[in-house]
Amino acid sequence: MLFTTVLPKLFVELFLLFLYIIARKTRKERVLTFFLYIILLLVSRDILFAIFKIPLIFSFSDFLVILIYLFWIRNYTGRRRGDFIFIIFNLAIFTFGFLDSFLSILNLGQYVFNLVIIADIIYMSLVLGLVSEYNTEDFEMIASTRYVLITAFSIFNVIALLYGYDNEAIQSIIVPLFYFTHAYILYRYIRFFDLQREETINFLQSNLESMFDFMKNFGNAITNRIDLDTVLELIVTSAVKNIGADAGTILMVDEFEDRLNVKATYGLFPPLYNVPEVVKVKASSLKRHFRETPIPLGETLLGKVAGSGEPVFIRNTSGVEELKNNTRNDILFVSSIIIVPLLVSGRILGVLSTVKRIENQFFSERDLEHLKTFADAASVTIDNLYTYMEVLEKREIEKEVDTAAEIQKKLLPSGFPEIPQISLAALNQPAKGVSGDYYDIFKLNDNEVGLFICDVAGKGVPAALVMVMIRTILRLIVASHQEPSTIVTWINRGITGSISIDHFATLSFLTYNRKNHEVVYSNAAHMPLLVFKKNEEKFVQVDTPGLPIGVDKNTIYSQKRFMLEEGDFIIMYTDGIVETMDEMGNQFTLNALLDVIKKNSSFGASEVVKKIRDELSDFSKRAKQHDDQTLLLMKVE
Amino acid sequence: MAEEKSEIKEIRVDEASPLFDKKGMFHKRFKSDFRQIRYFTLLIVQKAPPEIKEINLLEQQISEIIKNAVKHGNHNDPKKHVDVWYSFSETHARLIVQDEGEGFKRLEEWNEFNKKRNECFKNQNFEEMAKYVSFLTEDSDENDSGNALFAAVEYWNGGIVFNKKKNCVAVAKYFPVKRRGLKLE
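Here the protein sequences line up with chains A and B, keeping their order. Just so we're on the same page, the numbering used here is the position in the first sequence counted from 1, plus 651. Just so we're on the same page, the numbering used here is the position in the second sequence counted from 1, plus 9.
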């Protein structure tokens, strides 16, 4: 008797355990443990029933099995309030049932508990029936097992209700047969799990392929011409196509303000805020409105993702407060949305978002994963591109600066003419990116030398070109032995109004004749000439009135004549010398320059220039050089 | 979506303003020659680093201030001088311009005018605003649109300050620092 009723059941349970162990061996799914609980429960209840022979044990354990299945389903659907009532109701009835069977209060018949279990099965059927693809993650698995589950439980319990648990045939045949239901569900679960794993592998594979695809497209896009907008368009397009979205967009953080600018869209990506009715009328105006409206950080879902750096995935938008403008049946409708941040080493560059716009079509967790991977690669790409463009821009500026500096360098005389009784020296330290100073020294004949200094306003290549023009005119007319005032006047006439852009310069020109010791000097608004009189140990400033070159074509410049004696110096310089700044912002000043010359006036021109250079570098130390420094020095020996 | 700043900018008189601190600034002295204003401006603006974008706008604004000093301050008198102190970096432009004139007498009047103009604009009262299109004084001529100062108060975002005599003005412009992305806290 015992063998016929207990052994078949234990035998099937052993088979279940065997199935479980095999399943567990290769699959690390935590959910599988539910089946172990069921098996252990069945084994213990069969042993207990064999010993005590109380049918109530059978009903109670059935409730527990149903409860385990319920938890299993809830693992996918999430908890519901009805479950709580279900548990309380059952626990109350069974507690009373056990008390009743020991104390015989009401002497409830076993059929009462069979009815309770049938009620439980109805509840479970309801729960299973309500599972649909819209509210449940792994709907397919539950859908494929629910009919078997419901049918088997119902049939068994109806039989139990009609014939009672004590029936030998039921215990030795029906119950063991019924246990195969669990085997079937376990088998379906394993099948489903394996399929899912295979799908994951396929998904990763396709993820990888689409990344390669994107990289290839991206490579093509940048070999032609680097254009960030094109690359962003490409990223959105690839993202939308790869996850089967209906529209997508990329927004980038503004360079100066805390807001997002819409940079690229694919399809019709509706604004996630309400827009005026006029805008809704036409898709094109809606698109334009979205594109042209920056989104402050932290506002709307897009702004929130940029603010927090956390992705947002809303599978089904219906009932979501933040998307209340996008759930009505109009042009703004969105059914499902994913927003991922574009992050590079803790910096938010922007956000990437895709939407589905067809009712009852939703993104899955996988799509989210897919988009995240995509955003990762896109962020690094965009960041590199920015860096590259910055370097290019910097190179562009530097190229111009270098070109100008190169022109300037080539214009300067490489050496000084050898003339008896005259020592000449020059100091020229161009500042990076300025290139406005120019000087020249000519041997006009055996006795005469010409000194020219010039400071072109402006910088870069335009200034360098003005310099070239001045030099060309100067070299042409110097050979014709004109007076300095005539030379300056002619330069002005040649430069002023000859090309449409404004170009200004200050310059001075002088000639010195070693036979009659006469200097003839003409100035066009440059720093006045400094003359150091050795006999009197003092400086004299010489100037002639006149506008800068380039202001008025008809300016006639004048000149001054004066004599030099042995040991005298003449100094021409640009403001860059006296305006040399130290790190504190103090300027070198003219007096400091005069001091150096005076102190070293017994030396030759090149020694004095060397002293000046040393003093300047001592003074400025590590401060940035703001302007070209140029100084011409002539000593009468 | 961003709310517009409603604060009305105005020209202040404050001799103690830090904008008058000339430390570390370059200095140039010009004759009041209207023909040379372009040159003066170029001479000053050439000290600005190439990283400053919209350098033409800066040049234009500096030119306006010098023009004011030469024309309205010194009345184009070539015996009178204009002193300019200036300093630039990638993030700022500062300028102090002093003339030898009588000073900007109608400064308060201008502030009042500007305030009303802005109120009209804020209230979208364009009929009333027609009265406040340009601010002209008796020494304005056909070359003055009376508009330059409105643009100036917008441009010099670090402020426009006059000394007590109102013949010396200090202005500052701060350039935003360009950034790429936002650091997450």
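Just so you know, even glycine gets a beta-carbon here, dropped at the ideal spot from N, CA and C. Computed from a predicted structure; not experimentally measured.
Span separating the alpha-carbon of residue 1008 of chain A from that of residue 898 of chain A:
8 Å
Leaving aside the five residues before and after residue 1269 of chain A along the sequence, list all residues of the same chain whose C-beta is less than 7 Å from its C-beta, in chain order.
none
Paired residues, beta bridge with residue 1106 of chain A - DSSP
A:1088 and A:1157
Jot down the residue ranges of each uninterrupted alpha helix (DSSP H) in the segment 1014–1078 of chain A, minimum 4 residues, whole runs only, in chain order.
1016–1062
Cross-strand partners of residue 37 of chain B (DSSP beta bridge)
B:93
Selection from A:819, A:822, A:831 and A:818 that minimises the alpha carbon distance to residue 803 of chain A
A:831
DSSP puts residue 1171 of chain A in a beta bridge; with which residues?
A:1162 and A:1212
Is it buried or exposed for residue 826 of chain A, if we count other Cβ within 10 angstroms and need 16 for buried?
buried
Alpha carbon to alpha carbon, how far is residue 143 of chain B from residue 156 of chain B?
6 Å
Against chain A, with Cβ distances strictly below 8 Å, would residue 55 of chain B count as a contact?
yes
For residue 1253 of chain A, which of A:1074, A:1117, A:1241 and A:1079 has the nearest alpha-carbon?
A:1074
Does the count of Cβ pairs from the segment 980–988 of chain A and the segment 918–930 of chain A closer than 8 Å reach three?
yes
Verify the CB distance criterion: does residue 190 of chain B have a CB-CB separation below 8 Å to chain A?
yes
Check for me: the alpha helix (DSSP H) holding residue 84 of chain B runs from which residue to which?
Careful: residue 84 of chain B lies outside any alpha helix (DSSP H) and carries neither H nor E.
With a threshold of 8 Å between beta-carbons, can residue 1028 of chain A be considered close to chain B, or not?
no
Does DSSP put residue 1145 of chain A in a helix, a strand or coil?
helix
Listing by chain order, which chain A residues have their CB less than 8 Å from the CB of residue 167 of chain B?
Those do not exist, as residue 167 of chain B stays about 16 Å from chain A at its closest Cβ, beyond 8 Å.
Is there at least one Cβ from chain B nearer than 8 Å to residue 1208 of chain A's Cβ?
no
Please report how far the alpha carbon of residue 1287 of chain A lies from the alpha carbon of residue 113 of chain B, in whole angstroms.
52 Å
Quick check on residue 10 of chain B - is its C-beta less than 8 Å from some C-beta in chain A?
Note that residue 10 of chain B scores 37 on pLDDT, short of 50, meaning its location in the model is unreliable and no value can be drawn from it.
For residue 1260 of chain A, which of helix, strand or coil comes out of DSSP?
helix
Please name the residues in the segment 33–45 of chain B whose beta-carbon is closer than 7 Å to at least one beta-carbon of chain A, in chain order.
33, 35, 44 and 45
Would the C-beta of residue 785 of chain A count as close to the ligand ADP, meaning under 7 Å from any of its heavy atoms?
The ligand content of the structure shown is nil, which means the ligand ADP is not present either.
Using C-beta distances below 6 Å, list every residue in its chain close to residue 1163 of chain A, excluding the 5 sequence neighbours before and after it, in chain order.
1100 and 1170
8 Å contact criterion, which residue 1043 of chain A and residue 882 of chain A should meet: CB distance rounded:
With a Cβ gap of about 14 Å, residue 1043 of chain A and residue 882 of chain A do not count as contacting.
Through-space distance from residue 1172 of chain A to residue 1216 of chain A, alpha-carbon basis:
16 Å
Which residues in the same chain have their Cβ closer than 6 Å to the Cβ of residue 76 of chain B, if we skip the five residues on either side of it in sequence?
46
Check each residue of the segment 1189–1202 of chain A: if its Cβ is closer than 8 Å to any Cβ of chain B, include it; give the result in chain order.
1198, 1199, 1201 and 1202
Between the CA atoms of residue 696 of chain A and residue 669 of chain A - distance to the nearest angstrom
19 Å
Can you check whether the C-beta of residue 1069 of chain A is within less than 8 Å of a C-beta belonging to chain B?
no
Give the range of the alpha helix (DSSP H) segment to which residue 181 of chain B is assigned.
Not the alpha helix (DSSP H): residue 181 of chain B falls in the beta strand (DSSP E), residues 177–183.
Please go through the same chain and pick out, in chain order, the residues whose beta-carbon is closer than 7 Å to the beta-carbon of residue 977 of chain A, but skip the five residues on each side of it.
921, 923, 968, 983, 984 and 985
If contact is defined by three or more beta carbon pairs under 8 Å, each pair taking one atom from either stretch, is the segment 168–176 of chain B in contact with the segment 86–95 of chain B?
no
Starting from residue 798 of chain A, trace the alpha helix (DSSP H) in both directions and tell me its first and last residue.
790–814
Is the segment 710–719 of chain A touching the segment 758–768 of chain A in the sense that three or more CB pairs, one from each, lie closer than 8 Å?
yes
If we call anything under 8 Å between Cβ atoms a contact, is residue 1030 of chain A one with residue 994 of chain A?
yes
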